[in-house]
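Report on the structure given below.
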Ligand code: SAM
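Residue numbers (our numbering): 833 to 1103.
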């Protein structure tokens, strides 16, 4: 499909990036093609894209054969997206609105992949919302998301380092989370201050007998005072010290040394 260059689309529609909306656009079509390949074969598959902006990633997803539903808050982008919808008949549905206020499950009647170059100001909140659903497996089949590299590293972090914390446990206790690609700041227009990276998350079976709320309470306590020993940080959580003893977890350890499995075991005993 021959489409006008993205820079021309931006100029024609006067789409000057707005900081308040976290707008950092990608124009490199080869890079966008590689991003759209991360979730695997998308031919005929439903995809939710948050923040299509002028439609660079959207094009790549459409070219990969995906059936895209794109939620965009910036009205200025709608005419450019309407042109794309015309170029790919029956493949693109654009919803004008705030992704924070939309329940994506209501937009689809089959599992969908989420692919997005997220606006930095709401990216983490959206991600936590998608991971925290009561129903499991979730309605989404995978998440392919651009974050600031520092956030991406916290999502995929292994125990033992300062990047390992609540976000890692939340991302990994019932999902596989991988760092799929690093993206240099110069790839964006305008370039953000920091480097970016794309993570790929797929849901796994939920561990039996563990309440998500309890796991949250355990990690909140343990990482709330991450420099302290567990016997200090979790002492306000009823039953936690006894659970450590029963599981043979040394209460002199600090939260960041525990594996995700150990957090799951503690939460299971307290659930
Ligand atoms: N996908 C485009 C790309 O890769 O070039 C644009 C990505 S830009 C980082 C983020 C986009 O999200 C912008 O188009 C912005 O207008 C949009 N956006 C910001 N906040 C939003 C929200 N709450 N709901 C929906 N879209 C939002």
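Beta carbons: idealized from backbone N, C-alpha and C, even for Gly. Note that this is a predicted model, so its numbers are computed, not measured.
What whole-angstrom Cβ distance do residue i and residue j have, given they're in contact under 8 Å?
{"i": "residue 908", "j": "residue 847", "result": "6 Å"}
{"i": "residue 1000", "j": "residue 989", "result": "4 Å"}
{"i": "residue 882", "j": "residue 931", "result": "5 Å"}
Return the CA-CA distance between residue i and residue j, expressed in angstroms with no decimal places.
{"i": "residue 915", "j": "residue 836", "result": "10 Å"}
{"i": "residue 1079", "j": "residue 1006", "result": "21 Å"}
{"i": "residue 967", "j": "residue 1049", "result": "19 Å"}
{"i": "residue 1081", "j": "residue 1098", "result": "9 Å"}
{"i": "residue 938", "j": "residue 1085", "result": "44 Å"}
{"i": "residue 1094", "j": "residue 978", "result": "29 Å"}
{"i": "residue 1100", "j": "residue 1083", "result": "17 Å"}
{"i": "residue 1020", "j": "residue 878", "result": "26 Å"}
{"i": "residue 1014", "j": "residue 1068", "result": "40 Å"}
{"i": "residue 1017", "j": "residue 981", "result": "10 Å"}
{"i": "residue 1029", "j": "residue 854", "result": "16 Å"}
{"i": "residue 890", "j": "residue 958", "result": "19 Å"}
{"i": "residue 1105", "j": "residue 1064", "result": "Only positions 833 to 1103 of the chain appear in this structure, which leaves residue 1105 out of reach."}
Take the Cβ of residue i as the centre, count every other Cβ of all protein chains shown within 10 Å, and call the residue buried at 16 or more, exposed below.
{"i": "residue 1052", "result": "exposed"}
{"i": "residue 1031", "result": "buried"}
{"i": "residue 917", "result": "buried"}
{"i": "residue 852", "result": "exposed"}
{"i": "residue 887", "result": "buried"}
{"i": "residue 1026", "result": "exposed"}
{"i": "residue 885", "result": "buried"}
{"i": "residue 921", "result": "exposed"}
{"i": "residue 984", "result": "buried"}
Looking only at its chain, what residues have a beta carbon closer than 7 Å to the beta carbon of residue i, apart from the 5 residues adjacent to it on each side?
{"i": "residue 991", "result": "1088, 1089, 1090, 1091"}
{"i": "residue 1103", "result": "1041, 1042, 1043, 1046"}
{"i": "residue 928", "result": "904, 907, 910"}
{"i": "residue 860", "result": "1019"}
Is any heavy atom in the ligand SAM found nearer than 7 Å to the beta carbon of residue i?
{"i": "residue 858", "result": "yes"}
{"i": "residue 846", "result": "no"}
{"i": "residue 903", "result": "yes"}
{"i": "residue 935", "result": "no"}
{"i": "residue 1096", "result": "no"}
{"i": "residue 951", "result": "yes"}
{"i": "residue 909", "result": "yes"}
{"i": "residue 931", "result": "yes"}
{"i": "residue 977", "result": "no"}
{"i": "residue 1004", "result": "no"}
{"i": "residue 889", "result": "yes"}
{"i": "residue 981", "result": "no"}
With a threshold of 8 Å on Cβ separation, who are the neighbours of residue i within its own chain once the five nearest residues in sequence on each side are excluded?
{"i": "residue 1096", "result": "1005, 1039, 1042, 1047"}
{"i": "residue 874", "result": "868, 893, 896, 897, 898, 945"}
{"i": "residue 1022", "result": "849, 856"}
{"i": "residue 934", "result": "903, 927"}
By Cβ distance, which residues of its chain are closer than 6 Å to residue i, with the 5 residues on each side in sequence left out?
{"i": "residue 970", "result": "1035"}
{"i": "residue 902", "result": "881, 884, 890, 926"}
{"i": "residue 976", "result": "870, 871, 947, 1032"}
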